[in-house]
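Numbering (the numbering used here), first residue to last: 56 to 227. Even for Gly, the Cβ is constructed at its ideal location relative to N, Cα and C. Working notes for the structure below.
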């Protein structure tokens, strides 16, 4: 989640002020739209190109464009609703605060992480003995467990341990 500490909060206020001033001096049909769209895009550009370290798209270009257009439709709806609901004029000043959500969502640099592949389980055909099981329990209680892997069950670890002990091709 993005925070608004430091220069981000100052840039947010400056972008909102620029939008307010430009919207105030431009004639009314276009002023309402500029008052919302200009600061939103200024702040979005700041977040994507200056603040974002992983700059890249997290979706394909077509989906990114369509999602941005959907966000713009929401913003234009607020600008159009200002004529009927005067409170939307005040909400327009806080619209650049929505830009961090779009910047995180669309331009987070392909935050898709690959799931770790779990190796296939090795089966040992030799019969199990009580002594072998006791040694494995001793191995499990130790701090150095060579065959422990993330997302692996103790049964899989046991099979790897047995295979390594019996030298059936598993490297230690």
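| Query | Result |
| --- | --- |
| Separation of residue 83 from residue 99, as counted between CA atoms | 24 Å |
| Cα-Cα separation, residue 122 to residue 74 | 23 Å |
| Cα-Cα separation between residue 68 and residue 145, rounded to whole angstroms | 14 Å |
| Supposed close pair residue 212, residue 203 - CB separation, criterion 8 Å | 6 Å |
| Endpoints, the alpha helix (DSSP H) within which residue 63 is located | 62 to 80 |
| With 16 other Cβ atoms within 10 Å as the buried cut-off, status of residue 64 | exposed |
| For residue 200, the three-state DSSP class (helix, strand or coil) | coil |
| Extent of the continuous alpha helix (DSSP H) run through residue 84 | 83 to 101 |
| Start and end residues, alpha helix (DSSP H) containing residue 209 | 209 to 220 |
| Cutoff 6 Å; reference residue 217; Cβ partners in own chain excluding five residues on either side | 179 |
| At least 3 beta-carbon pairs within less than 8 Å: the region 84 to 104 vs the region 152 to 160 | yes |
| Residue 162 versus residue 113: straight-line alpha-carbon distance, rounded | 6 Å |
| Beta-carbon proximity list for residue 62, same chain, < 6 Å, skipping 5 on both sides | none |
| Whole-angstrom distance between residue 193 and residue 206, CA atom to CA atom | 21 Å |
| Proximity below 9 Å, CB of residue 134 to CB of residue 80 | no |
| Cβ pair residue 90, residue 103 closer than 9 Å | no |
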